[in-house]
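Residue numbers (numbering that gives the first Met the number 0): 0 to 76.
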Amino acid sequence: MVGMDLAPAGMMSHYRELMREQFKPPRCPVIKVRAGELGRKTVRGFYEYDRYSPSPYDEFPPKLIVCPVSGMVHLTS
């Protein structure tokens, strides 16, 4: 398992090795790393962590998310 701080670099390395558009890393993890939002390490990332359990971060309200890298569509709640 790789943390959010290392994942973007690993994804970019994989993309550079294969040079195929479908492996181009999404921008979202890069933005989170630059903001210092690394998940449990910093108590904020895609979720806000408290002492009980993670809860979705308010920055991402329920909405339709389209991932242009893979063409996948996710409905979040």
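Every residue, glycine too, gets a C-beta built ideally from N, C-alpha and C.
Any non-hydrogen atom of the ligand SAM closer than 7 Å to residue 13 Cβ = Absence of the ligand SAM from the depicted structure is noted, as is the absence of any ligand whatsoever, leaving it without description.
What first and last residue would you give for the beta strand (DSSP E) that runs through residue 16?
-> No beta strand (DSSP E) holds residue 16; the alpha helix (DSSP H) holding it covers 6-17.
Count the other CB atoms within 10 Å of the CB of residue 74; is the residue buried (16 or more) or exposed (fewer)?
-> With a pLDDT of only 46 at residue 74, under the threshold of 50, the placement of this residue in the model should not be trusted; the figure read from the coordinates follows. That one is exposed.
As assigned by DSSP and simplified to three states, the class of residue 47 = strand
From residue 20 to residue 14, what does the alpha carbon distance come to, in whole angstroms?
-> 8 Å
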